[in-house]
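In this note's numbering, the protein residues as written are 29 to 629.
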């Protein structure tokens, strides 16, 4: 009889759902992104039976897709080997061949695709060396697509669009200044291409979420951090009026998620110290009702056509499952797509500690069922504009299985901790994040959780960058570092990345490498190679345009020239792996690396 798979491998092999949607005008049809086939692919979801049917079979996987409101077509960005340069394509819900919706256009990077509620407009943003552009595609009643129309361009960052239900209006978030990550909202007429209005707050950021789901309704649900935290707002584009919803009694960020089908209520998500709570706000009565739902993380939260609230729920020991919540009480009405059973894990708990400047930092801690101190994994999330909430992370449980403590922190620059916390890193990338990592290590040692000479630092994407930066700028503190899809030299990355990301990153630095060479050098791990003491492992995608290969190649060469311990493992994909076996192989490399370091090999 074959030996059963160890628990860590069993958790990696559990089918996961990382995205889902129901067609607003065809509520029996949905779209799910799942790795049930061994790689994340898009699946048609029959809500009546709960069955999933694969629509894509790309070798490198597909994570993001859009189901048209009428449920007839699924749209996604089809690139070359994960390089994020390609075309939007569509495939019938019943299955078939994917067809480009932008034929004859050179491959392009993009932030995503939007559809109007009536299904008569599609939109997306592209960029080239000179500008960002908003494109609209008209969709006829029979599904026939018109050619892409460029309805707006400007030399600074654009994000969106968000369409009104009837597709007559489109709103984009736009940087008012060349090197700014604060956005204003710009409303466009999709037929005449005229600018209809603008909404702006001085020294703060506005965002667009969704128009009211009613034809002819010009109310846009958005958010602003003018008060220092995110709060919802409603901008009536056609009337030129705006209402901000203060919600002063709630701490932390409160972000709008969706409208009720009748346009009278709002679904809101509170994030206070990385803990989520859901609320319903009645616009007519100006009343706020908390939903009494289970704790954990709620993703892809929206109001379903039948009035229930759909959400992708998970916590640290339970994989994601799609649930329907009662929109009055918040209680679980039913499970729409259950999660398989997994080996028992150790629950995460929220912790807090003080960092440089007296800043409180929140993190998620889990430890083995034993007495410490332990060898410890200090994890830093990607982004940086993201936040770690209580999620099902197979790698975290694997480290605990192997006797490590695990701490993931929300460093300065993370979202949902307020505007000042988010913006403190701007123009000084890497400094405050590493200070928070150092404070985390000090707290772990002081609390008797971590053995001081056995703390490893790790992360992917921006977390991979921070791993390398910490190894070089605070070299005496770490046993080793394991970086995934990292940037090692920001100037090289600026040259090699896509046009969509180049200006965004330049805004975070306050200029390009030519304009701010000292900042780019100070923030790049390449600058500190000579100081690195601990062994380094990097796992990097050959086709990655977010963290391009050349900066890691240069870092590896410099490390080896100086006789430093480094190993780099390459894989043939882009910014991360969507293939289960490959993700397991990457984690196995990390486990083996940590074992060898601890054994002195």
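Virtual Cβ for every residue (Gly too), placed ideally from N, Cα, C.
Open item on the list: Between which residues of its own chain and residue 577 is the CB-CB distance below 7 Å, once the five residues before and five after are set aside?
Closed with: Residue 577 sits at position 549 when you count from the first residue of the chain shown. Counting only Cβ-Cβ distances below 7 Å, and skipping sequence neighbours, we find 568 and 570.
Task: Helix, strand or coil at residue 91 according to DSSP, with G and I counted as helix - done: The sequence position of residue 91 within the chain shown is 63, counting from 1. Here residue 91 sits in coil by DSSP.
- [ ] Identify every run of the beta strand (DSSP E) within the stretch 519 to 584, keeping only runs that are complete inside it and at least 3 residues long; order them along the chain.
- [x] 564 to 569
TODO: Report yes or no: do three or more beta-carbon pairs, one from the stretch 231 to 239 and one from the stretch 207 to 221, lie closer than 8 Å?
DONE: yes
Task: 8 Å CB neighbourhood of residue 558 in its chain, flanking five on each side removed - done: Position 530 of the chain shown, counting from 1, holds the residue named residue 558. Only 590 meet the Cβ criterion.
TODO: Pull up the CB-CB distance for residue 54 and residue 98, whole angstroms please, since I reckon it's below 8 Å.
DONE: Stepping through the chain shown from its first residue, residue 54 is reached at position 26. Stepping through the chain shown from its first residue, residue 98 is reached at position 70. Confirmed, Cβ separation roughly 6 Å.
Open item on the list: DSSP three-state label for residue 428, please.
Closed with: Sequence index remark: in the chain shown, residue 428 carries index 400 (1-based). It is helical.
TODO: Answer with buried or exposed for residue 29, where buried requires no fewer than 16 other C-beta atoms within 10 angstroms of its C-beta.
DONE: As a working mapping, residue 29 is identified with position 1 in the chain shown. At residue 29 the pLDDT is 39, less than 50, meaning the model places this residue with poor confidence and gives no usable figure here.
TODO: Can you grab the Cα-Cα spacing for the pair residue 143 / residue 222, in whole Å?
DONE: Locating residue 143 in the chain shown gives position 115, counting from the first residue. Locating residue 222 in the chain shown gives position 194, counting from the first residue. Near 20 Å, if we compare the C-alpha coordinates of residue 222 and residue 143.
Open item on the list: Given this structure, state the Cα-to-Cα distance separating residue 532 from residue 160, to the nearest angstrom.
Closed with: Looking up residue 532 in the chain shown gives position 504. Looking up residue 160 in the chain shown gives position 132. C-alpha separation (whole angstroms): 11 Å.
- [ ] Spell out the partners DSSP gives residue 315 in its beta bridges.
- [x] As a first step, residue 315 is located in the chain shown; it is residue number 287 there, counting from the start. Residue 315 is bridged to 310.
Task: Assigned secondary structure, residue 452 (DSSP; H/G/I helix, E/B strand, else coil) - done: Within the chain shown, the letter at position 424 stands for residue 452. It is coil, neither helix nor strand.
Task: Residues bridged to residue 226 (per DSSP) - done: Taking the chain shown and counting its residues from 1, the one referred to as residue 226 is at position 198. Residue 226 pairs with 214.
TODO: Less than 8 Å between the CB atoms is what I'm expecting for residue 70 and residue 90, so what's the real figure, rounded?
DONE: In the chain shown, the residue the question calls residue 70 occupies position 42. In the chain shown, the residue the question calls residue 90 occupies position 62. Yes, they are in contact, since the Cβ atoms of residue 70 and residue 90 sit about 5 Å apart, within 8 Å.
Open item on the list: Let me check one thing: in DSSP terms, what residues is residue 435 bridge-paired to?
Closed with: As a first step, residue 435 is located in the chain shown; it is residue number 407 there, counting from the start. DSSP, once it has assigned bridges, lists 393 and 406 as partnering residue 435.
- [ ] Taking 8 Å as the cut-off, decide whether the C-beta atoms of residue 320 and residue 403 are in contact.
- [x] Within the chain shown, residue 320 is the residue found at index 292, counting from 1. Within the chain shown, residue 403 is the residue found at index 375, counting from 1. Not a contact, by the Cβ cut-off of 8 Å.
TODO: May I ask you to report which of helix, strand or coil DSSP gives residue 157?
DONE: For the purposes of this step, residue 157 is identified with residue 129 of the chain shown, where counting begins at 1. Residue 157 falls in the coil class under three-state DSSP.
Task: Sub-8 Å separation of residue 42 and residue 241 beta-carbons - done: The residue labelled residue 42 in the question sits at position 14 within the chain shown. The residue labelled residue 241 in the question sits at position 213 within the chain shown. For residue 42 and residue 241, no; Cβs fall outside 8 Å.
Open item on the list: For residue 592, which residues in the same chain have their Cβ closer than 6 Å to its Cβ, ignoring the five residues on either side in sequence?
Closed with: Taking the chain shown and counting its residues from 1, one reaches residue 592 at position 564. Taken in chain order, the residues that qualify are 560.
Open item on the list: By the DSSP assignment, the alpha helix (DSSP H) with residue 621 in it spans what residues?
Closed with: Position 593 of the chain shown holds residue 621. Residues 608 to 626.
Open item on the list: Taking 8 Å as the threshold (C-beta atoms), are residue 606 and residue 68 in contact?
Closed with: Numbered from 1 along the chain shown, position 40 holds the residue referred to as residue 68. Numbered from 1 along the chain shown, position 578 holds the residue referred to as residue 606. Yes, Cβ-Cβ distance for residue 68 and residue 606 is below 8 Å.
Task: residue 98 in three-state terms, based on DSSP - done: Counted from its first residue, the chain shown places residue 98 at position 70. DSSP places residue 98 in coil when its eight states are reduced to three.
- [ ] Measuring alpha carbon to alpha carbon, tell me which of 389, 388, 279 and 430 ends up nearest residue 405.
- [x] Looking up residue 405 in the chain shown gives position 377. Closest by alpha carbon: 430.
Open item on the list: So residue 573 and residue 249 are supposed to be a Cβ contact under 8 Å. How far apart are they, rounded?
Closed with: Sequence index remark: in the chain shown, residue 573 carries index 545 (1-based). Sequence index remark: in the chain shown, residue 249 carries index 221 (1-based). Not quite, the Cβ-Cβ distance comes to about 32 Å (not below 8 Å), so this is no contact.
- [ ] Tell me residue 380's beta-bridge partners as DSSP assigns them.
- [x] Walking along the chain shown from the start, residue 380 turns up at place 352. Answer is 390.
TODO: Could you tell me whether any non-hydrogen atom of the ligand COA is closer than 7 Å to the CB of residue 302?
DONE: Among the components of this structure there are no ligands whatsoever, and the ligand COA is therefore not found.
Open item on the list: Residues in the same chain with beta-carbon distance under 6 Å from residue 500, minus the five sequence neighbours each way, listed in chain order, please.
Closed with: In the chain shown, the residue the question calls residue 500 occupies position 472. These residues qualify, in order along the chain: 553, 556, 559 and 560.
Open item on the list: Considering Cα atoms alone, identify which of 477, 421, 120 and 286 is closest to residue 615.
Closed with: Position 587 of the chain shown, counted from the start, is the residue given in the question as residue 615. Measuring from the Cα of residue 615, the nearest candidate turns out to be 421.
Task: CB of residue 464 within 8 Å of CB of residue 378, strictly - done: Position 436 of the chain shown holds residue 464. Position 350 of the chain shown holds residue 378. Not in contact: residue 464 and residue 378 (Cβ atoms no closer than 8 Å).
Task: Residue closest to residue 44, alpha-carbon to alpha-carbon, out of 415, 341, 426 and 518 - done: What you label residue 44 is simply residue 16 of the chain shown in a count that begins at 1. Checked all of 415, 341, 426 and 518; the closest Cα to residue 44 is 341.
Open item on the list: On the DSSP letters alone, give me the boundaries of the alpha helix (DSSP H) that residue 464 sits inside.
Closed with: Counting from 1 along the chain shown, the entry for residue 464 is found at position 436. Unbroken alpha helix (DSSP H) run through residue 464: 459 to 474.
Open item on the list: Which residue marks the beginning of the alpha helix (DSSP H) containing residue 39, and which one marks its end?
Closed with: The residue labelled residue 39 in the question sits at position 11 within the chain shown. Element bounds for residue 39: 35 to 41.
TODO: Figure out for me which residue from 316, 149 and 83 has the closest Cα to the Cα of residue 356.
DONE: Within the chain shown, residue 356 is the residue found at index 328, counting from 1. Nearest option by C-alpha distance: 316.
Task: Limits of the unbroken alpha helix (DSSP H) element including residue 490 - done: Along the chain shown, one-based indexing puts residue 490 at 462. It spans 490 to 501 - the alpha helix (DSSP H) in which residue 490 sits, taken as one unbroken run.
Open item on the list: According to DSSP, is residue 168 part of a helix, a strand, or is it coil?
Closed with: Along the chain shown, one-based indexing puts residue 168 at 140. It is coil, neither helix nor strand.
Task: Inside the stretch 275 to 360 only - alpha helix (DSSP H) runs reaching at least 4 residues - done: none
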